[in-house]
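Letter by letter, the sequence shown follows residues 365 to 512 of my numbering. From the three backbone atoms N, C-alpha and C, an ideal C-beta is built for every residue, glycine too.
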Amino acid sequence: MKPIKFEESILIAQPPERVFDYTQDYSKRLTWDTFLKKADLIKGATEAGKGVQAYCVARNGLGMVTEYVTFNRPSTTAIKMTEGPFLFKTFLGSCRFKLQGNQATEVIFLYSFTLRFPFSLLSSLIKRNLRKNVQQRLKDLKHNMETH
């Protein structure tokens, strides 16, 4: 099965270093990431970085362990699922932070995943739901970064 991919972006009136650091600080994660109800670094990690694992639980109750495969401050992070809900066969996500003008950052989320049968029959619905959640997360991130 071919991976399902989508990308969403938003412009935030803050420099890339600030946006990168804010999004990768797990003590602040639930402040802006309204998709999640739990977000913790695991296995003794105290800060995000390449090889570090995190355990996150969505508001719908589905949990996932991810590992950072890329961590290049202030431009890029990427994670892969190491354990997760049965519906996902694979799950990858990346976040890019691009300077736009002097003090603005374009934040770009990319998701790529494959679904197990029978969930693959609902791929359009699952993709649409995830895309909607990513759009809201980006709006919430922008609001938190520009008003606090």
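DSSP state of residue i mapped onto helix, strand, coil
i, result
"residue 399", "coil"
"residue 383", "helix"
"residue 481", "coil"
"residue 460", "strand"
"residue 474", "strand"
"residue 405", "strand"
N- and C-terminal bounds of the alpha helix (DSSP H) containing residue i
i, result
"residue 510", "487 to 511"
Integer Cβ distance of residue i from residue j, believed to fall under 8 angstroms
i, j, result
"residue 368", "residue 462", "Going by Cβ atoms, the distance from residue 368 to residue 462 rounds to 24 angstroms, so no, they are not a contact pair."
"residue 432", "residue 414", "5 angstroms"
"residue 371", "residue 474", "5 angstroms"
Chain C contact for residue i (CB, 7 angstroms cutoff)
i, result
"residue 415", "No chain C appears in the structure shown, which is made up of a single protein chain."
Boundaries (first-last residue) of the beta strand (DSSP E) holding residue i
i, result
"residue 371", "368 to 376"
"residue 311", "Since the first residue of the chain shown is 365 and the last is 512, residue 311 is not available in this structure."
"residue 427", "427 to 436"
"residue 440", "440 to 447"
C-beta atoms of residue i and residue j nearer than 7 angstroms
i, j, result
"residue 412", "residue 388", "yes"
**Message:** For the stretch 482 to 497 against the stretch 376 to 391, do three or more pairs of beta-carbon atoms, one drawn from each stretch, fall closer than 8 angstroms, so that the two count as touching?
**Reply:** no
**Asked** How do the stretch 447 to 461 and the stretch 390 to 402 stand: do at least 3 beta-carbon pairs fall below 8 angstroms, yes or no?
**Response** no
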